[in-house]
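Chemist: One structure follows; several queries about it will come next.
Protein chains: 2
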Amino acid sequence: MNISNTLQVNRPAVQPIPQPSLKRLPQYHHYLVDMETKGITRISCSAIGRDLGLVPVQVRKDLQYTGIIGKPKTGYSVSELIQAIEKFLGWNNVNEAFLVGVGNLGTALLGHERFSKFGLRIVAAFDTDPAKIGQWIHQKAVLPLDKLADLAPRMNILLGIITTPAEAAQAVADEMVKGCIQAIWNFAPVKLKVPEHIIVHNEDLYSTLASLSWKLARRLGVTVQEKQEKEAV
Amino acid sequence: MNISNTLQVNRPAVQPIPQPSLKRLPQYHHYLVDMETKGITRISCSAIGRDLGLVPVQVRKDLQYTGIIGKPKTGYSVSELIQAIEKFLGWNNVNEAFLVGVGNLGTALLGHERFSKFGLRIVAAFDTDPAKIGQWIHQKAVLPLDKLADLAPRMNILLGIITTPAEAAQAVADEMVKGCIQAIWNFAPVKLKVPEHIIVHNEDLYSTLASLSWKLARRLGVTVQEKQEKEAV
DNA sequence: TGGTTATCGGTATGAATATATCGAATACGT
DNA sequence: ACGTATTCGATATATTCATACCGATAACCA
Ligand SMILES: NC(=O)c1ccc[n+]([C@@H]2O[C@H](COP(=O)([O-])OP(=O)(O)OC[C@H]3O[C@@H](n4cnc5c(N)ncnc54)[C@H](O)[C@@H]3O)[C@@H](O)[C@H]2O)c1
Ligand SMILES: NC(=O)c1ccc[n+]([C@@H]2O[C@H](COP(=O)([O-])OP(=O)(O)OC[C@H]3O[C@@H](n4cnc5c(N)ncnc54)[C@H](O)[C@@H]3O)[C@@H](O)[C@H]2O)c1
């Protein structure tokens with residue numbers, strides 16, 4: 003893994019898309035697919051912005067990162083734009099993933115067929131609970147966790163999803179690292195300690211909950227509220 | 003609703019905590035509770051920052067919004083800090099909520115007992131599927147959606163959770179608004195059109211997925227990557 | 001055909017957020 | 001008891017992100 007690190011350092015500077023823009027791209031994508039099914043073939047930033055609650059300039063800037071080029075007066079081709087976003091996000095070629103922790107949340111994710119449209123296929127699940135191991139949940143086998151580090155490299159799995167209780171998450175992450183997994187989608191509310199080259203994204207539902215309850219606790223003035231509604235992820 | 007709006011406008015400016023800080027508070031909370039169970043009674047921003055991957059200054063600034071005051075050389079009292087965060091976020095008094103859409107994700111949320119520690123109690127679920135209505139899932143009744151607008155005001159429910167397919171989300175939101183629900187936690191990947199005074203927060207799992215797959219698609223140079231790991235929510 | 005209008009793309013400005021710096025306070029060791 | 005190291009809290013700077021602006025271009029209409 004030192005090798006790959008070194009290689010990466012020497013690469014030319016990567017196109018730096020702002021994190022917020024990156025996170026808005028899927029929203030555009032959803033919206034555009036919806037428009038396409040409605041038979042709309044061309045669309046402008048103003049229209050997108052109106053429907054998604056964003057100012058047109060921001061939409062335009064975000065979309066520019068995908069490399070799409072629009073035409074004055076008519077905007078963008080909807081299908082081209084969808085393609086551009088999918089290509090940019092790497093949603094054309096599927097990432098296969100392992101999921102660890104077949105509880106409430108893990109089961110829900112396993113059952114979400116639609117992920118395959120967004121470049122994600124969960125191919126197997128892992129747990130430590132003997133009652134769960136050996137079961138098939140949503141057509142995926144539940145395997146013992148200690149098989150993960152061995153299987154991942156052989157199946158060339160690069161992505162791991164953690165839906166275990168917080169206490170177990172670090173140990174699971176360690177196993178994933180051992181299995182040469184490159185990126186981790188972590189639903190447990192803990193900061194994982196992993197080597198630098200591993201990509202970790204936390205999905206912290208409690209963050210959103212905090213925002214909501216804070217705002218609900220002190221009902222905000224509308225001016226402030228409006229601003230923060232726009233910021234809502 | 004005009005009345006409440008007007009009242010809100012006249013209120014003094016609300017203490018403006020940055021959205022990013024607000025979202026970090028639950029992370030501190032988790033960490034601190036963990037520390038407390040380990041018997042640690044005092045803690046410094048440097049220690050928190052080290053364990054959570056943040057620079058000490060940022061931790062200090064975030065915590066200051068809660069009104070906590072620390073002592074030089076020793077830092078903060080862990081228990082006081084936990085209290086301060088909980089009070090600040092309104093996690094002391096419970097918000098009761100309705101959940102709509104008892105599918106994969108809805109069921110997972112219904113089963114998450116731990117939410118009650120974070121000021122959230124889901125008291126009932128709603129759906130339109132006759133097969134689901136009348137069931138009890140995780141000790142919560144599944145009721146027909148058309149009862150929602152009537153029940154919410156009578157039970158004084160202010161928070162709604164949407165876990166339906168995207169196509170149904172807007173209609174559900176409309177029902178919630180009809181039932182005078184004040185805040186919506188939306189898991190469907192659509193922008194909801196609601197009156198201005200309603201607080202909406204979207205939990206867009208696809209956003210995170212986009213980040214992950216983008217980074218995975220072009221394995222980044224480490225320097226860039228390091229920065230973005232810190233930004234990972 | 002020429003004017004009008006909507007829209008894109010690039011650049012400039014502004015706001016929000018993150019980080020650095022510095023003095024004051026407090027515990028700790030000598 | 002006194003110097004030293006650590007940390008807080010406040011202020012200042014830097015960076016990132018959002019928004020405003022402007023010229024150029026293409027469709028549309030008279
Ligand atoms: N369910 C939700 O709605 C929800 C909401 C917010 C956050 N979360 C977070 O998601 C995570 C999972 O939540 P959940 O409700 O699904 O929990 P859960 O208890 O229902 O499921 C946890 C699963 O992980 C398995 N597990 C435990 N230790 C393990 C280990 N060392 N290795 C492998 N598997 C192990 C358990 O056997 C179980 O199947 C938690 O960290 C929780 O904080 C869940
Ligand atoms: N499950 C996941 O892992 C996951 C991941 C990302 C996003 N999401 C999003 O969360 C939402 C729910 O996903 P899911 O997998 O739980 O879907 P699901 O199909 O399993 O469940 C949807 C539920 O909503 C109910 N429903 C449909 N129309 C309704 C209406 N008009 N009123 C009330 N209830 C209605 C259905 O009967 C069903 O019970 C979707 O918008 C999806 O995009 C889910």
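In the order they appear, the protein sequences are chains G and B. Numbering-wise, the working numbering puts 149 at position 147 of the first sequence, and it's gapless, one number per residue. Numbering-wise, the working numbering puts 206 at position 204 of the second sequence, and it's gapless, one number per residue. We put the CB at the ideal spot given by N, CA and C, even for glycine.
1. On the DSSP bridge assignment, give the partners of Gly77 of chain G in chain order.
2. Mapping the DSSP letters down to three states, classify Lys40 of chain G as helix, strand or coil.
3. Among G:Val96, G:Glu82, G:Trp93, G:Leu112, whose alpha-carbon lies nearest the alpha-carbon of Val102 of chain G?
4. At 3 residues or longer, and completely inside the stretch 151 to 184 of chain G: list those beta strand (DSSP E) runs for me, N to C.
5. In the DSSP assignment, the beta strand (DSSP E) including Ile124 of chain G goes from what residue to what residue?
6. Run the CB neighbour count on Arg26 of chain B, radius 10 Å, all protein chains shown included, and call it buried at 16 or more, exposed below.
7. When the distance is taken between beta carbons, is Ile50 of chain B closer than 9 Å to Tyr33 of chain B?
8. Mind checking Asp131 of chain B: buried by the 16 CB within 10 Å criterion, or exposed?
9. Using a Cβ-Cβ cut-off of 9 Å, state whether Gln137 of chain G counts as contacting chain B.
10. Of all the CB atoms in chain G, is at least one closer than 9 Å to the CB of Pro28 of chain B?
11. Closer than 7 Å by C-beta to Ile5 of chain G: which residues in its own chain qualify, once you throw out the five before and the five after it? Chain order, please.
12. When you compare the CB positions of Ile87 of chain G and His31 of chain G, do they come within less than 9 Å of one another, or not?
13. Quick test of the definition: if touching needs 3 or more C-beta pairs under 8 Å, does the stretch 82 to 98 of chain G touch the stretch 205 to 215 of chain B?
14. Please report how far the alpha carbon of Val35 of chain G lies from the alpha carbon of Ile135 of chain B, in whole angstroms.
15. Compute the Euclidean distance between the alpha carbons of Val226 of chain B and Leu65 of chain G, then round it to the nearest angstrom.
16. Under the three-state reduction of DSSP, which class applies to His199 of chain G: helix, strand or coil?
17. Confirm the yes/no value for this check: CB of Leu91 of chain G, any heavy atom of ligand 2, distance under 8 Å.
18. Measuring alpha carbon to alpha carbon, tell me which residue in G:Val61, G:Phe90, G:Trp93 is nearest Tyr78 of chain G.
19. How about Phe117 of chain B: is its C-beta nearer than 9 Å to some C-beta of chain G?
20. Quick one: what does DSSP say Asn94 of chain G is sitting in, helix, strand or coil?
21. Considering only their Cβ atoms, is the gap separating Ala185 of chain G from Leu153 of chain G smaller than 9 Å?
Modeler: Let me spell this out:
1. G:Lys73
2. coil
3. Among G:Val96, G:Glu82, G:Trp93, G:Leu112, the Cα nearest to that of Val102 of chain G is on G:Leu112.
4. 161 to 164
5. 122 to 129 is the span of the beta strand (DSSP E), which, as asked, contains Ile124 of chain G.
6. buried
7. yes
8. exposed
9. Closer than 9 Å: no.
10. yes
11. For Ile5 of chain G, the pLDDT reaches just 28, beneath the cut-off of 50, and the residue's location in the model is therefore unreliable, although a value from the coordinates is still provided. Correct list: empty, nothing qualifies.
12. yes
13. yes
14. 31 Å
15. Note that Val226 of chain B has pLDDT 40, beneath the 50 cutoff, so the model's placement of it is unreliable and no number is given.
16. In the structure shown, His199 of chain G sits in coil (DSSP, three-state: anything other than H, G, I, E or B).
17. False, no ligand heavy atom lies under 8 Å from that Cβ.
18. The candidate whose alpha carbon is nearest that of Tyr78 of chain G is G:Val61.
19. yes
20. coil
21. no
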